[in-house]
Amino acid sequence: MSDEICYEVDGGIGWITLNRPQARNALTFAMYDRVAEICSDIEAHGSPKVLVLTGAGEKAFAAGTDISQFRAFNKPEDALAYEARIDGALQKIEGCQVPTIAAISGAATGGGASIACACDLRIATCDARFGFPVARTLGNCLSMANYARLATLLGPARVKDIVFTARLMDADEGQRIGLYTELVFDHAALMERAKELATTIARHAPLTLRATKEAMRRITRSDRTRESDLVLMCYMSADFREGMEAFLAKRAPNWQGR
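Okay, here's the thing in structure tokens:
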């Protein structure tokens, strides 16, 4: 697993690279856990002043969770444990003591889009695409905490738009609505700009940055309401099984609504 997450600290900047370019950096469960481990204890990981999260190669930041792992889901606890696991990782990113920057090249979809939204800042290439196409792929859903984070960042209407249509938002729209703080031309420019931005932030007062992160987290935090019924409705359905098998077989799913 160590090769699937590359991590280094250079000049006070921690670089987390999702490193499965052959799979468009789709995340295994162990990859989520490793990112969470780094973000939750930066002192044990070189004490960086800023973290940059990015994906290997130019085609994708991360194309969600590796769908083949869902084949083992056969009971309600599997679905609930999965969403709890993802929530835990996202909360560790969001609550990281130092600023986090998502450097996005290509596609950021599903779990990859969630990771990007849990970061403090997002910069992207002009060919970046963002979305949650689960309504046309797996037929699953997000957790309440994840929906709340997206609604805070994008607005409820925008979340419903991109989920209902299963479309991928282009870079210009992403910048226009505030998802990205800036766009750059290509992957090389993205890495250069990420380093420049991280270097600037790393020079500033750590406690000011930490207080601002925590203040924003407290302002935007939403209490969770019951969500197990929604998660189980999707993950335990015949449609979810159909969506997974269709995706892996590279065919269109036959939705039944059950």
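One gets our numbering by counting positions in the sequence shown from 1 and adding 29 to each.
Yeah, the Cβ is synthetic: ideal placement off N, Cα and C, and Gly gets one too.
Taking a C-beta distance under 7 Å as the contact criterion, R63 and I34 qualify as a contact pair. For R114, the closest alpha carbon among the candidates G203, L56 and K242 is that of L56.
About 11 Å separates the Cβ atoms of N169 and F276, ruling out a contact at the 8 Å cut-off. The beta-bridge partner set that DSSP reports for L212 consists of A153. Closest in C-alpha terms to L150, from the list P128, E87 and A137, comes P128. The beta strand (DSSP E) runs of length 3 or more contained entirely in the stretch 156–238 are, from start to end of the chain, 158–160 and 211–213. Around the Cβ of F90, a 10 Å sphere holds 16 or more other Cβ atoms; the residue is buried. Of the candidates L47, A227 and N103, L47 places its Cα closest to the Cα of T83. Counting other Cβ atoms within 10 Å of its Cβ, T241 stays below 16 and is therefore classed as exposed. Counting the other CB atoms within 10 Å of its CB gives M245 a total below 16, which places it among the exposed residues.
The secondary-structure analysis by DSSP pairs L261 with nothing; it has no beta-bridge partner. The Cβ neighbour count for R158, taken over all protein chains shown within 10 Å, is at least 16; the residue is labelled buried. Per the C-alpha coordinates, the member of S257, Y264 and N283 positioned closest to A101 is Y264. When the five nearest sequence neighbours on each side are left out, the beta carbons in the same chain lying within less than 7 Å of the beta carbon of R53 are those of K88, A89, A92 and A136, in order along the chain. Setting aside the 5 residues that flank it on each side, R239 is surrounded in the same chain by Q126, each with a C-beta closer than 7 Å to its C-beta; the list follows chain order. Residues I42, V79, V81 and I130 of the same chain have their beta carbon placed closer than 7 Å to that of A227, with the five preceding and five following residues left out of the count.
In this structure, I152 lies away from E66, with their beta-carbon atoms at least 7 Å apart. Taking a C-beta distance under 7 Å as the contact criterion, V260 and L109 qualify as a contact pair.
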